[in-house]
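A.B. asks: This is the structure I have questions about; it appears just below.
Number of protein chains: 4
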Amino acid sequence: MVSVGILGASGYTALELAKLLVRHPHVKITALTSRQEDARAIGEVHPQLNGRISLSVENLPIPEVARRCQCVFGCLPHAASAEAVRELLTHGTRIIDLSADYRLGDPETYRRWYEHAHPDPDRLGSTPYGLPEWFGPEIAAAQLVANPGCYPTSAILPLAPLLRDGWIDAEDIIIDSKSGVSGAGRTPKLTTHFPECNESVSAYAVGKHRHTPEIERILGMIAGRHVAVIFTPHLIPMDRGILTTTYSRPIRTFQESDILQMLRDFYSGQPFIRVVDHFPATKDTAHTNFCDITARIVRGRVVTISCIDNLIKGASGAAVQNMNVMFGYDQRLGLS
Amino acid sequence: MVSVGILGASGYTALELAKLLVRHPHVKITALTSRQEDARAIGEVHPQLNGRISLSVENLPIPEVARRCQCVFGCLPHAASAEAVRELLTHGTRIIDLSADYRLGDPETYRRWYEHAHPDPDRLGSTPYGLPEWFGPEIAAAQLVANPGCYPTSAILPLAPLLRDGWIDAEDIIIDSKSGVSGAGRTPKLTTHFPECNESVSAYAVGKHRHTPEIERILGMIAGRHVAVIFTPHLIPMDRGILTTTYSRPIRTFQESDILQMLRDFYSGQPFIRVVDHFPATKDTAHTNFCDITARIVRGRVVTISCIDNLIKGASGAAVQNMNVMFGYDQRLGLS
Amino acid sequence: MVSVGILGASGYTALELAKLLVRHPHVKITALTSRQEDARAIGEVHPQLNGRISLSVENLPIPEVARRCQCVFGCLPHAASAEAVRELLTHGTRIIDLSADYRLGDPETYRRWYEHAHPDPDRLGSTPYGLPEWFGPEIAAAQLVANPGCYPTSAILPLAPLLRDGWIDAEDIIIDSKSGVSGAGRTPKLTTHFPECNESVSAYAVGKHRHTPEIERILGMIAGRHVAVIFTPHLIPMDRGILTTTYSRPIRTFQESDILQMLRDFYSGQPFIRVVDHFPATKDTAHTNFCDITARIVRGRVVTISCIDNLIKGASGAAVQNMNVMFGYDQRLGLS
Amino acid sequence: MVSVGILGASGYTALELAKLLVRHPHVKITALTSRQEDARAIGEVHPQLNGRISLSVENLPIPEVARRCQCVFGCLPHAASAEAVRELLTHGTRIIDLSADYRLGDPETYRRWYEHAHPDPDRLGSTPYGLPEWFGPEIAAAQLVANPGCYPTSAILPLAPLLRDGWIDAEDIIIDSKSGVSGAGRTPKLTTHFPECNESVSAYAVGKHRHTPEIERILGMIAGRHVAVIFTPHLIPMDRGILTTTYSRPIRTFQESDILQMLRDFYSGQPFIRVVDHFPATKDTAHTNFCDITARIVRGRVVTISCIDNLIKGASGAAVQNMNVMFGYDQRLGLS
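Chains as they are written, first to last, in this note's numbering: chain H, 1 to 336; chain V, 337 to 672; chain Y, 673 to 1008; chain B, 1009 to 1344.
See the structure below:
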């Protein structure tokens, strides 16, 4: 049994995490923290959790969190997260950080994309990236794991095998992603006000989204060379789900069946990757930790289509999967 | 040609109004006001209006509005609206007030439901209610018209004929309404944040919604006696539309066909009321000024079902219809 | 460990059932049948089940189903279901029938509402109704259980305590329900074609819905007297969820707090009923087996608001809950 | 005044067309045809048209259509459309064909993509393409106009200026489109059944969509050279709207401002093209004939984002615009 806590329990990733953790046979939730919601029952903050968890949300000091929990999930905003993580680590707590703070490789890149100095710069570059399909052994051994971003997960999983084996040009990759609105978080704003974004699609942060350097860094590590991508996120009128379409240039002529077979071989032992022949829909993966992937050759280009639930495989499900790996459980525990 | 202005041009009713007015053959928009959006092009405030209206939104003083406009549409919040209306009236401007300020009959009721003193109490009770199907002559002669609320429009139109002719018990009426989210306005809040209200239905303000006294007052005027209703609004995950289901007790035995024929006779000359045999859907009336109505007898009760577009017949379309009546045009002008 | 099968595996209730059953610690799925989909992998019929269940759908004869399964869930259309159930019962199999076939009390009522003769008339009236909150002991002892309809579940749970204790008039009850589109099943038709029902609300089958006699029979059994309801279902543009608003007449004066306390007391030991003070939203119960209930007094009437996930507590979750009761497990198993 | 008819009045494009035509000041609708819906009032076929058009849908022979109408809008399925068009042309009627039948350049390409022989092969290649922003003079003089496809309109408008002036590589173009569900037509099928496609995104017909040769042909005519595109359509859970993101390679270095200025200059006299600085949303163009376009340079590639209402600028609005051009009216008539 692992005692776990969630830092920043009022958002959507924390809500999904809590729903998964109550179902996990070897987990006991012992702390839920929030600065704004101190002393409210979690069932009041998230009516979906009413009657499922009896804890209250508390504004707890870090040492108390460390005292209560063997494993902590960080759902704080970036920067605030690294502050908490740094302190927690001194207590020996194991941490899965769902913020973006430990995903990049160096403080300069972080500063350029997140527009402030990193509070814990020395750990950038050495913290394992929590994609168990690629970094299982590092995750198993880690005290701190950087849980991947939602868009990066959807883009890295189909592209990584092709890049690792050098099947595609590493500097001519287009990533066109479509995401549900929960990815924008729980703070109301005009762009996520129902009558504004319902029945509408739009692109945003074109060429400037913070997940760009994360995608490039991880794919670069896997490829063993510099990777450059054009990344365009789009907002879709649905709660959850990301569908990512990528376009890349093969370095020699492949058949569609070659690509599909290669992806199948790569992911054959991985319980959450489903390489399929049909075109997957985000709904096929909704409320699950699966990533569905297919590929086509169109006019000589490789087109991949992949989808995940942005709140599960793109955040909280991956976090539970990481915890399972860190604590030696079957990856699938609590995620069926 | 009528020169018109809109006070409070940044909300959804103003947007819909502007879209209708640019299409109206005898209207010229000469003023668009807003306190927060001063000097921005209207196409920036509402991208849908880009290239359709070249005016800017201005923070104009009332006398300047009066100088520019023969007719003003008030889209301000309640209380603020009555302040502006009172001053505009002194300049001789004709006004259609889309706020709730002039819909009720007396200052005490207003204070009880809106929780502040009315800024212009003497006009309560004497201002015509802008439902041309029932108050056409008063509207035609008026300088100021109180444009009806969206829920009241959807409830009054089916019930009024039955009450005027005394076919149903005036004190045993249940009104169960279902509204799209645009009815909640354009200010972002958690309840209208997409991932909260999408894929969900809920009731709100049960027994306490401010449209209750408006419904009772107008139905009471038409019935010539005291009317009491139970009114329950529900929030539906769609942009626009209201469907209202009412349950009332007939004072003697009627056939379904009697009720339908009676409604048809009442509204036979009215271009925007469609009494239908089938169950209407809000989509049938979306983006139009129509109200679709049907009725059934179920276990001895009269059940009516009516629907409108809350932003058109429930707000801006009705306002244009009122303007047409006030200025002697065909009611349908600009509304086809 | 219980070996279970699903008859009619291609619809939405079967899909939800399968998702719940794979998570259940004491269940092994051993048969999935379908006439149209013979020999297809279940992951092809329902891409969501890909990689979660390795069985194929088969067009199996009933004796083979009986041979493989201790417990069978019937997800066939009405009439077809009773044919299968009758034969299965002769083999000693325990059955939870999700069709409407065994919910009514007598063959005449069935014929009037379902427009054909009942294939197994003798069991009407004696088959336990699978609402464990009310009929737990009968369910525990039964070989066959009639799983409740979705609308009835949402309406019976709030009204039953009030009727059992005689707090409300049993013949003056209005039930106004709002349901997501999955309730209409998986067969495409114009009314559930996306561009028709999206962004729209409508009523249907007013006064004629087949769940009316089911609601009246069960409430009548609980009240110990004749119950008459007016039931109006509405179609809401969302996948899943039912919100039911009821209006009834108290037989004496109650406070809101009396009603809420009474409901809390009644359901205090029931893990899936949450009596709440706020207005619940269907999303609070989505993907769960909970039923959220609140109540208000408005102008002397009792107004209850309740919501469920129509596919879970309104169908497949209730079926698993019934199986747990029948096989002596904790009601919550597989439903957390 | 132009007398107009619609062939195939039961679908969504016919519905939108009828709504536009009733508003057009110089149009009189004189014929609405359908094979399946003979003799039904149009308001029964499309409840939205109830009370707006009093005509009935009729199964009319072509000579009678020609007798009644100066201008006919063809909303029939491909192949059936060319049969009707060929006969109508012999009567001297002017026709705007909304099917795909006259959009391609030669019968072989048509046969390859539409999988049957073209019924009127000689007119392929010589029929003007109804995009008035590019082919105004040809349209004005034509008896028959091929109304563009929805995806092609959204892709051609942003790319055409760049290709005509040779700013981008004509054989390295990626077009990633996102469309609402109405684009799939009004015939119910599983993929457009609400609970299947709601809350989900998916790609379809990747590399095989029939709009591919149409896009390539028209862009090729404008570029004066061979154009090759990769085109990926996606289905989005909304009624209407297409957002198209394109990725192309500039032949030399441009600034973002160069591209935007160039697009603005090209379309400066065009009332329905809005080149904007912000990222447009499909909702900005919903229910209008506008196409909103913006562009960015990302890592040396040109990224354009454009959106339209697939039923208006992508079908019926463009058809009315074409009629205006053919009959010498202001392009905007009936489209404000």
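Ideal Cβ positions, reconstructed from N, Cα and C, are used throughout, including at glycine.
Among S370(V), S490(V) and N660(V), which one has its Cα closest to the Cα of A416(V)?
C.D. replies: S370(V)
A.B. asks: Give the interface partners of T304(H) over in chain B, defined as CB-CB distance under 7 Å, in chain order.
C.D. replies: Within 7 Å Cβ-Cβ: nothing; T304(H) doesn't reach chain B, min ~10 Å.
A.B. asks: Determine the contact status of R240(H) and N310(H), defining contact as a CB-CB distance below 9 Å.
C.D. replies: yes
A.B. asks: Out of curiosity, what's the CA-to-CA distance linking W134(H) and I218(H)?
C.D. replies: Looking at the two C-alpha atoms, the distance is approximately 10 Å.
A.B. asks: Excluding the 5 residues flanking R775(Y) on each side, which residues of the same chain have their C-beta closer than 6 Å to its C-beta?
C.D. replies: The residues A818 and E886, in chain order, have a CB closer than 6 Å to that of R775(Y) in the same chain once the five nearest residues on each side in sequence are set aside.
A.B. asks: Thinking C-alpha only, which one of L1068(B), I1230(B) and H1032(B) is nearest L1040(B)?
C.D. replies: L1068(B)
A.B. asks: For H562(V), is the classification buried or exposed, using 16 other Cβ atoms within 10 angstroms of its Cβ as the cut-off for buried?
C.D. replies: With fewer than 16 Cβ atoms within 10 Å of its Cβ, H562(V) is classed as exposed.
A.B. asks: Who are the near neighbours of L1106(B) in its chain, counting only those whose CB is closer than 7 Å to its CB and skipping five residues on each side?
C.D. replies: T1021, F1081, G1082, C1083, N1155, A1323 and A1327
A.B. asks: DSSP state of Y114(H), grouped into three classes?
C.D. replies: helix
A.B. asks: Under the assumption that N289(H) contacts I139(H) (Cβ atoms under 8 Å), give the Cβ distance between them as a whole number of angstroms.
C.D. replies: The pair is not a contact, with the Cβ atoms about 15 Å apart (cut-off 8 Å).
A.B. asks: Short check: CB of R783(Y) to CB of L816(Y), under 9 Å?
C.D. replies: no
A.B. asks: Inspect the CB distances between the region 1195 to 1213 of chain B and the region 1172 to 1183 of chain B and report whether three or more fall short of 8 Å.
C.D. replies: no
A.B. asks: Whose CA, out of P952(Y), H950(Y), Q927(Y) and D964(Y), lies closest to the CA of Y939(Y)?
C.D. replies: It is D964(Y) whose Cα lies nearest to the Cα of Y939(Y).
A.B. asks: Hey, which unbroken runs of the beta strand (DSSP E) at 3 residues or more fall wholly within the region 142 to 210 of chain H?
C.D. replies: 144 to 146 and 168 to 179
A.B. asks: Give the single residue among D844(Y), L760(Y), L721(Y) and V717(Y) whose Cα lies nearest to the Cα of V737(Y).
C.D. replies: L760(Y)
A.B. asks: Helix, strand or coil: how does DSSP classify A367(V) here?
C.D. replies: strand
A.B. asks: Within this structure, are the beta carbons of C743(Y) and S798(Y) separated by less than 9 Å?
C.D. replies: no
A.B. asks: According to DSSP, simplified to helix, strand and coil, what is T1220(B)?
C.D. replies: helix
A.B. asks: Please confirm whether L579(V) and T618(V) have their CB atoms less than 9 Å apart.
C.D. replies: The answer is yes: Cβ separation under 9 Å.
A.B. asks: Roughly how many angstroms lie between the CA atoms of H570(V) and V542(V), to the nearest whole one?
C.D. replies: 9 Å
A.B. asks: What is the DSSP secondary structure of P749(Y), reduced to helix, strand or coil?
C.D. replies: coil
A.B. asks: Using Cβ-Cβ distances below 8 Å, what residues of the region 370 to 391 of chain V are close to chain B?
C.D. replies: P383, Q384, N386, G387 and R388
A.B. asks: Using only alpha-carbon positions, find the residue among I644(V), I648(V), V611(V) and H623(V) that is nearest to R632(V).
C.D. replies: V611(V)
A.B. asks: Could you check the C-alpha separation between T429(V) and E444(V) for me, to the nearest Å?
C.D. replies: 28 Å
A.B. asks: Please state whether DSSP places F471(V) in a helix, a strand or coil.
C.D. replies: helix
A.B. asks: Less than 9 Å between the C-beta atoms of P943(Y) and C979(Y), yes or no?
C.D. replies: A distance of 9 Å or more separates the beta carbons of P943(Y) and C979(Y).
A.B. asks: For a test of your reading of the model: does the CB of A818(Y) fall under 8 Å from any non-hydrogen atom of the ligand ADP? Yes or no.
C.D. replies: With respect to small molecules bound, the structure shown includes none, and the ligand ADP cannot be examined in it.
A.B. asks: Can you tell me whether T1348(B) is buried or exposed? The criterion is at least 16 other CB atoms within 10 Å of its CB, across all chains shown.
C.D. replies: Residue 1348(B) is absent from the model: chain B starts at 1009 and stops at 1344.
A.B. asks: G1249(B) touches chain H at which residues, Cβ-Cβ below 9 Å?
C.D. replies: E199, S200 and V201
A.B. asks: Taking the DSSP output, what are the residues bridged to S920(Y)?
C.D. replies: I845(Y) and V974(Y)
A.B. asks: With distances taken from CA atoms, which of P1169(B), L1029(B), S1018(B) and G1113(B) is nearest T1302(B)?
C.D. replies: P1169(B)
A.B. asks: Could you tell me whether the Cβ of L1198(B) comes closer than 9 Å to any Cβ of chain Y?
C.D. replies: With 9 Å as the cut-off, L1198(B) counts as an interface residue toward chain Y.
A.B. asks: Across which residues does DSSP place L7(H) in a beta bridge pair?
C.D. replies: T33(H) and G74(H)
A.B. asks: According to the neighbour-count rule (16 or more other Cβ atoms, all chains shown, within 10 Å of its Cβ), is Q331(H) buried or exposed?
C.D. replies: buried
A.B. asks: Just curious, the beta strand (DSSP E) that F1239(B) is in, first and last residue?
C.D. replies: Looking at the DSSP string, the run of the beta strand (DSSP E) that includes F1239(B) is V1237 to L1243.
A.B. asks: The alpha helix (DSSP H) with D1273(B) in it runs from where to where?
C.D. replies: Here the alpha helix (DSSP H) through D1273(B) covers E1264 to F1274.
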